[in-house]
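Trainee: In order, the protein sequence lines correspond to chains A and B. Using the working numbering, read the first sequence as starting at 1 and increasing by one per residue. Using the working numbering, read the second sequence as starting at 447 and increasing by one per residue. Ideal Cβ placement from N, Cα and C applies to all residues, glycine included. Please find one structure pasted underneath; my questions will follow.
Protein chains: 2
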Amino acid sequence: MRFLIIGGDAAGMSAASRAKRKNPDLEVIVLEKTRDVSYSACGMPYNIADPERDMDELVVRRAEVFIEKNNINLLIGHRAERINTGSKTVSGDTLDGRPFSFSYDFLLIATGAAPVMPDLPGFDLPGVMPLKNLEHGRAIKDFITKNKVKKAVILGMGYIGLEMCEALRERAIEVDMVKPRKPFLPWLVPALSEVVYNEVVQNNVRLYAGSSVKKIISTDRGLSLECDNITLETDMVIAASGVTPCSKIASEAGLETGVSNAIAVDFQLRTSDKTIYAAGDCADAVHVVTGKKCWIPLALRANRAGWAVADNVCGTETRLDGVAGTSVFRVFSLEVARTGLNMKEAEENGFDPVENTIKTRSRAHAHPGSTTIYVSMVGDRTTGRLIGVQMVGQEGVAHRINAPAVALHSKMSVQAFAQCDLAYAPPFSPVWDPMLTAANQLLKKI
Amino acid sequence: MRFLIIGGDAAGMSAASRAKRKNPDLEVIVLEKTRDVSYSACGMPYNIADPERDMDELVVRRAEVFIEKNNINLLIGHRAERINTGSKTVSGDTLDGRPFSFSYDFLLIATGAAPVMPDLPGFDLPGVMPLKNLEHGRAIKDFITKNKVKKAVILGMGYIGLEMCEALRERAIEVDMVKPRKPFLPWLVPALSEVVYNEVVQNNVRLYAGSSVKKIISTDRGLSLECDNITLETDMVIAASGVTPCSKIASEAGLETGVSNAIAVDFQLRTSDKTIYAAGDCADAVHVVTGKKCWIPLALRANRAGWAVADNVCGTETRLDGVAGTSVFRVFSLEVARTGLNMKEAEENGFDPVENTIKTRSRAHAHPGSTTIYVSMVGDRTTGRLIGVQMVGQEGVAHRINAPAVALHSKMSVQAFAQCDLAYAPPFSPVWDPMLTAANQLLKKI
């Protein structure tokens with residue numbers, strides 16, 4: 001039996017390794033268009049920040065190891081182009097132009113997501129680069145070194161843009177950030193997004209929110225970005241305006257796609273064709289709070305979904321609950337985290353949401369090193385259920401968010417969450433952890 | 447209506463403040479035997495560590511503020527001795543010997559816990575001191591300064607002993623620690639307790655586990671502790687051999703006591719006399735994992751129980767779920783945390799427990815500053831339920847433990863916990879947070 005996988009990143013390689021471990025007799029073929037598999041894509045900004053580090057440090061396991069030790073038929077430089085669901089074959093071309101075609105018994109589409117590159121003049125110029133795969137990471141790092149980059153413009157102010165902005169500032173590169181719409185981190189409540197905004201500005205980053213790029217032109221000094229109202233001169237442009245699921249191969253094969261054009265999968269990660277699975281950034285998921293489909297491309301889900309597909313292919317029926325949309329990023333001294341829904345999302349999903357934001361201290365009364373922490377919590381007035389939490393602070397935010405994430409999976413009420421016996425010691429939190437204070441305050445409004 | 451409270455610490459003052467806030471017409475009297483109310487007792491070791499800090503920084507709100515601003519009749523220096531449940535009165539003596547008696551409509555016993563002081567020769571000598579209330583903290587700090595303490599012995603190796611050992615080492619005081627039984631932190635799995643043991647020893651603390659103190663004698667150079675096999679010369683002795691609930695006043699009044707002699711209370715914090723409540727370190731609680739009574743004296747529960755008593759006294763029926771036994775302490779560079787039951791406790795409570803311990807990294811692959819983190823997880827073979835988690839590591843342990851704590855409150859299975867959508871970013875964790883890896887590994891054994 002042959003298990004064919006398109007894409008050798010988190011979901012694809014997780015599935016390949018686990019399937020081979022569970023069933024060594026299974027033939028596993030992975031088609032990967034680049035030359036890199038199994039690397040920490042999220043680690044790229046931190047690697048770029050340090051000129052001494054080699055980008056290949058981020059590779060968790062090299063292709064040869066998968067081939068030789070795991071007996072996976074891993075084919076790098078193989079770009080899959082078409083799925084024929086009738087003949088159960090996948091065909092395409094290698095990077096050096098040779099056509100290939102493989103049949104499958106089970107197929108996994110793990111094509112990931114691609115950076116959104118605007119169709120505007122100048123986005124093909126040297127020095128205008130996205131950051132999604134390791135080739136992009138290497139290209140950015142090489143470009144900085146070779147061109148002695150002093151100034152950069154980042155398009156987009158999402159978490160990748162902000163992580164890159166920190167990385168470039170660490171290398172003493174001047175950074176301008178531009179995005180079309182005014183609100184900064186619009187998914188955060190304004191009280192929290194303002195804190196992050198100020199932190200970025202205090203690190204001498206210029207933020208131009210509400211300005212669209214019209215074109216990029218090459219000048220004798222580098223690149224010139226013509227935007228609404230402003231023109232920015234720069235050595236380099238990082239395109240971090242979001243990503244879109246690589247679902248074209250699926251939709252062209254007649255597979256269902258749904259929210260955000262992601263490939264629609266069931267709880268077992270099966271597409272509308274029951275011999276074809278999809279996992280990772282190209283596929284959708286059920287949100288544990290709304291019970292509805294969502295597209296939240298994140299690394300943990302990709303890995304977990306890869307495993308679940310392998311289990312299902314190997315005959316161990318496995319069902320994934322869904323996602324809570326838990327995420328965290330660091331920008332300069334701040335940790336920014338969320339889980340569940342914000343007010344807007346809650347309203348759109350039929351809840352009667354109530355929100356409350358608190359500003360408190362990260363450690364116990366009079367304990368040295370205490371910093372400010374902000375917690376915004378959303379509950380449902382009708383059912384009392386906890387719907388979402390956002391946090392910003394200098395410490396303890398990244399790990400704190402996991403407690404309400406678990407509560408969302410359990411469909412806990414704000415009342416029940418407020419009763420949880422959380423850990424306390426003066427170096428780590430006040431007696432009432434900020435999350436409990438947030439819940440206690442929110443309860444008064446519900 | 448009069449609400450009388452014995453004890454002005456966490457539970458007592460939480461109850462007094464909240465009751466007065468909810469019902470300003472309620473007469474609230476608090477009888478406190480010391481002169482301190484509302485202070486961060488857990489902060490004392492960290493305060494002692496720094497000679498520049500005043501111990502009174504730990505006072506959250508002074509007695510006068512409670513009296514003048516909150517209209518609470520707070521009587522310091524009032525030691526309650528007897529409860530007469532028939533006449534509904536509490537009597538006792540002030541520190542200067544005047545007798546007093548107060549009637550009550552509702553009574554709250556919030557007498558806390560007292561340090562265990564062995565009934566052995568020499569425990570009354572100057573320089574032999576417990577650490578429970580602020581007077582103890584001041585006494586220790588003054589003694590260190592006035593006597594230019596160079597050496598100390600700590601009796602007990604629980605979290606207070608270990609926090610004090612870190613505090614004293616920070617002041618360059620030599621520390622010996624002694625306890626009667628061999629196992630170090632016996633509630634931790636050996637793999638984890640060994641890590642903590644090594645950390646303490648590497649900080650030049652001498653640990654004598656398995657040696658009982660026989661007597662303390664005064665010598666011309668200070669104090670001499672005669673223990674099994676060893677004699678320790680020292681300037682000071684900190685007695686940190688555990689605490690016991692101050693329940694005598696309750697049992698003498700005929701109120702029920704139970705596990706560890708703590709005052710037995712129901713979910714509404716009522717004792718066996720329905721006009722009398724008990725809260726804080728003197729009272730028991732229901733454990734959310736076992737559903738049985740337990741005595742786990744911790745600050746959050748005391749505060750929360752105080753609030754719940756106030757609500758009940760003021761007519762808002764309030765019920766507390768129970769405790770998960772979540773706790774954390776820091777010792778030198780390590781964070782040590784637990785929630786729920788360990789193997790022994792699980793077996794004693796009728797579970798069929800399975801345990802698994804993992805050793806992994808605190809941050810993503812190749813991310814700088816990553817440290818080792820240990821997670822031990824216990825599940826029930828029969829039901830698949832998550833029963834307890836222990837963690838030791840240099841970062842992220844204190845806040846991580848709250849995620850499984852929430853899971854215990856929700857009676858989540860290990861399988862469901864393993865499916866939780868936790869936060870990931872390279873500076874904070876691997877893609878699979880150590881807790882998820884622990885759950886995945888444990889699932890293989892269940």
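(1) Quick one: grab the DSSP three-state call for G161 (chain A).
(2) Going along chain A in order, which residues have a C-beta closer than 8 Å to the C-beta of L503 (chain B)?
(3) How many Å lie between N229 (chain A) and V431 (chain A) at the Cα?
(4) Tell me the rounded alpha-carbon separation between G538 (chain B) and H367 (chain A).
(5) Have a look at D352 (chain A) and A871 (chain B) and give me their C-alpha separation to the nearest angstrom.
(6) Between which residues of its own chain and H409 (chain A) is the CB-CB distance below 8 Å, once the five residues before and five after are set aside?
(7) Taking Cβ-Cβ distances below 8 Å as the criterion, which residues of the stretch 413 to 425 of chain A are in contact with chain B?
(8) Between I140 (chain A) and I48 (chain A), which are expected to be in contact by the criterion C-beta below 8 Å, what is the C-beta distance as a whole number of angstroms?
(9) Thinking C-beta only, is A729 (chain B) closer than 8 Å to G604 (chain B)?
(10) Classify F546 (chain B) as helix, strand or coil using the three-state DSSP reduction.
(11) If you draw a straight line from the alpha carbon of S773 (chain B) to that of G842 (chain B), how long is it in whole angstroms?
(12) Would you say W878 (chain B) reaches chain A, if we count a Cβ-Cβ gap shorter than 8 Å as a contact?
(13) Looking at the unbroken alpha helix (DSSP H) that takes in H845 (chain B), where does it start and where does it end?
(14) Any C-beta of chain B within less than 7 Å: which residues of the stretch 121 to 143 of chain A qualify?
(15) Examine chain A for any beta-carbon lying closer than 8 Å to the beta-carbon of T772 (chain B), and answer yes or no.
(16) On the criterion of 16 or more Cβ atoms from any shown chain inside 10 Å, does P470 (chain B) qualify as buried, or is it exposed?
(17) With a threshold of 8 Å between beta carbons, is F329 (chain A) in contact with chain D?
(18) In terms of alpha-carbon separation, which member of A:H136, A:A172, A:I160 lies closest to F329 (chain A)?
(19) Pull up the distance between the alpha-carbon of L608 (chain B) and that of R400 (chain A), whole angstroms please.
(20) Mind checking N530 (chain B): buried by the 16 CB within 10 Å criterion, or exposed?
(21) Terminal residues of the continuous beta strand (DSSP E) containing P115 (chain A)?
(22) Evaluate T762 (chain B) with the Cβ neighbour count: other Cβ atoms within 10 Å of its Cβ, from every protein chain shown; 16 or more gives buried, anything less gives exposed.
(23) Figure out for me which residue from A:A346, A:A278, A:S103, A:I296 has the closest Cα to the Cα of G7 (chain A).
(24) If you run the structure through DSSP and keep just helix, strand and coil, what is D502 (chain B)?
(25) Whose C-alpha, out of B:S779, B:K738, B:A509, B:K739, is nearest the C-alpha of Y643 (chain B)?
(26) Quick one: list the residues of chain A neighbouring G453 (chain B), beta-carbon separation under 9 Å, in chain order.
(27) Below 8 Å, can you find three or more Cβ-Cβ pairs linking the stretch 264 to 275 of chain A to the stretch 179 to 186 of chain A?
(28) Would you please verify whether the beta carbon of R171 (chain A) is less than 8 Å from any beta carbon of chain B?
(29) Counting C-beta neighbours from all protein chains within 10 Å, is the total for A509 (chain B) 16 or more, i.e. buried, or is it exposed?
(30) Taking a contact to mean a Cβ-Cβ separation below 8 Å, would you say S376 (chain A) touches S370 (chain A) in this structure?
(31) Compute the beta-carbon to beta-carbon distance between A308 (chain A) and G280 (chain A), rounded to the nearest angstrom, for a pair I have assumed lies under 8 Å.
(32) Taking the alpha-carbon positions, what's the D339 (chain A) to N402 (chain A) distance?
(33) Tell whether a beta-carbon distance below 8 Å holds between K479 (chain B) and G568 (chain B).
(34) I'd like the ranges of any beta strand (DSSP E) spanning at least 3 consecutive residues and lying wholly in the stretch 624 to 700 of chain B.
(35) Three-state secondary structure (DSSP) at G12 (chain A)?
(36) Rounded to a whole number of angstroms, what is the C-alpha to C-alpha distance between V595 (chain B) and I522 (chain B)?
Mentor: Considering the structure as presented:
(1) helix
(2) The residue you asked about is not Leu; residue 503 (chain B) is Glu in the sequence shown. Here the neighbours are A366.
(3) 50 Å
(4) If you draw a straight line from the Cα of G538 (chain B) to the Cα of H367 (chain A), it is about 36 Å long.
(5) 31 Å
(6) V288, D321, A324
(7) The stretch 413 to 425 of chain A vs chain B, Cβ under 8 Å: A416, F417, Q419, C420, D421, L422, A423, Y424, A425.
(8) Indeed they touch by this definition, with Cβ atoms about 6 Å apart.
(9) With a cutoff of 8 Å on beta-carbon distance, G604 (chain B) and A729 (chain B) are scored as not near each other.
(10) strand
(11) 14 Å
(12) Interface with chain A (8 Å Cβ-Cβ cutoff): W878 (chain B) is included.
(13) 843 to 846
(14) none
(15) yes
(16) P470 (chain B) should be labelled exposed.
(17) The chain inventory of the structure shown lacks chain D, comprising the protein chains A and B.
(18) A:I160
(19) 25 Å
(20) Exposed is the call here.
(21) 113 to 115
(22) exposed
(23) A:A278
(24) It is helical.
(25) B:S779
(26) The contacting residues do not exist; G453 (chain B) stays about 17 Å from chain A at best.
(27) Verdict: no, contact absent.
(28) No, because no Cβ of chain B sits closer than 8 Å to the Cβ of R171 (chain A).
(29) Looking at its Cβ environment, which holds 16 or more other Cβ atoms inside 10 Å, A509 (chain B) is buried.
(30) S370 (chain A) sits away from S376 (chain A), with the two beta carbons spaced by 8 Å or more.
(31) Going by Cβ atoms, the distance from A308 (chain A) to G280 (chain A) rounds to 11 Å, so no, they are not a contact pair.
(32) The identity of residue 339 (chain A) in the sequence shown is Thr, whereas the question assumes Asp. C-alpha separation (whole angstroms): 8 Å.
(33) The Cβ-Cβ distance between K479 (chain B) and G568 (chain B) does not fall below 8 Å.
(34) 651 to 655, 659 to 665, 668 to 673, 677 to 680, 682 to 685, 689 to 691
(35) In the structure shown, G12 (chain A) sits in a helix (DSSP, three-state: H, G or I).
(36) 32 Å
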